[in-house]
Amino acid sequence: MPTLSPLWRNGALALGLLLPGAALAQAPAPAAAPPAAPVAAPAAQSPDTVVAKVNGAPITAGDLVVAADDPALSLPGVDEAQKKGLLVDYMVDLKIGAQAAEKAKIGENPDFARKLAYFRDKLLLDEYLEREAKKAVTPQAERALYDETVKAMKPEEEVHARHILVDNEAEAKKIAARLKGGEDFAKVAGETSKDPGSKAEGGDLGWFTKERMVAPFADAAFKLEAGKISDPVKTQFGWHVIKVEEKRTKPVPSFDEMKEQVEAYLTRKTQQDIITKLRESAKIEKTAAAPAAAPKADEKKN
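Here the sequence shown stands for residues -25 to -1, 1 to 277, numbered as in mature numbering (1 follows the signal peptide of the UniProt record, and there is no 0).
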């Protein structure tokens, strides 16, 4: 992975510090200019279009596209025109450095040749897996996986509850008596609760399933009827007084809500299946010089 050259880093920093309105604020307002004639948008560049040369070696628009895909060169917040200019400067630095390395015969070093072979294989594999995954991850496959997953989901009960957390049982009993006497739960929670995460929200914990809470708290909350106040409940965090606002069956997420997860799962599974099939069909031989594989987790227990 290439690192940012000094020119790239400095250019990015300068762009980050430049406030678009700062220079304009110090300059006198220009006289109104007549409206400009409409200008046609520039045609898309061919990947072979030369954008710069370094000692005669071309840098093309296609080279900039490849560089722009490098996560190390991302510049969030920088507009496309500025980013392209910085990419050209970076590619110039890269080309200059590569030419110097060639003169120093770095490419003839056996270690460099091994690295080059490794990264070539890795890039080929990445491109191959990406291409094959795109073929497999179709809208139909995504919908089928979603439908299958939803069908297998078991209904889960959720509660929407509030709580007040205090240090001791005596204080919790006093608070429970106040609430059962009709005082507003959110108001009392704001005055007395020790839970910094929910105190400002009137003790509101939102919706949760039973396994998300510690056992004594969850048992008490899921036994309560909606609108009821619990007796004090002890957990490792202290003493709680709970109010259940509502109960429901957890809603099934929509396809749109799950689409990114479905796509990511299908992509990973497709790529794993490809590697598995390739291993099954390949002739793999490990010599005595190969290091022994570490035992799997389940093998360690036996």
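Note that CB positions come from ideal geometry on N, CA and C, so glycine has one too.
Residue from Leu241, Ala265, Ala268, Ala267 with nearest C-alpha to Leu104: Nearest option by C-alpha distance: Leu241.
Buried versus exposed, by CB contacts within 10 Å (16 or more), Met66: In the assembly as shown, Met66 is a buried residue. Its beta-carbon has 16 or more other beta-carbons within 10 Å.
Beta bridge counterpart(s) of Ala32 as assigned by DSSP: Its beta-bridge partners are Val29.
Start-to-end residues for the beta strand (DSSP E) that takes in Val237: Element bounds for Val237: not the beta strand (DSSP E) but the alpha helix (DSSP H), 230 to 256.
Proximal residues to Gly156 (C-beta, below 8 Å), its chain only, five neighbours per side dropped: Counting only residues of its own chain and dropping the five nearest sequence neighbours on each side, Gly156 has no CB closer than 8 Å to any other CB.
Beta carbon of Leu62 nearer than 8 Å to that of Ala43: yes
Contact belief for His215 with Phe192 at Cβ below 8 Å, rounded distance in angstroms: The beta-carbon distance between His215 and Phe192, rounded to whole angstroms, is 6 Å. This is short enough to meet the 8 Å contact definition.
Counted within 10 angstroms of its Cβ, other Cβ atoms place Ile259 as buried (16 or more) or exposed: exposed
8 Å Cβ cutoff met for Ala32 and Lys78: no
Complete runs of the beta strand (DSSP E) confined to the region 155 to 239 [at least 3 residues]: Taking only runs of at least 3 residues, the beta strand (DSSP E) segments lying wholly in the region 155 to 239 are 179 to 184, 208 to 210, 213 to 224.
Buried versus exposed call for residue 287 [16 or more other C-beta atoms within 10 Å across all chains shown]: Past the edges of the chain, shown from -25 to 277, lies residue 287, and the structure says nothing about it.
For Tyr121 and Ser229, the rounded distance between their alpha carbons: 9 Å
Reduced DSSP category for Leu140 - H, G, I as helix; E, B as strand; rest coil: strand
Reference Glu235; option with closest CA among Val41, Asn30, Pro207, Val112: Val112
Residues near Pro3 in its chain [Cβ-Cβ closer than 8 Å; skip 5 each side]: Note that Pro3 has pLDDT 38, beneath the 50 cutoff, so the model's placement of it is unreliable and no number is given.
Where residue 280 falls: helix, strand or coil (DSSP): With the chain represented from -25 up to 277, any question about residue 280 goes unanswered, as that position is not in the structure.
Beta carbon of Ala164 nearer than 8 Å to that of Lys174: Yes, the Cβ-Cβ distance between Ala164 and Lys174 is below 8 Å.
Range covered by the alpha helix (DSSP H) that runs through Glu83: Bounds of any alpha helix (DSSP H) do not take in Glu83, whose DSSP letter is neither H nor E.
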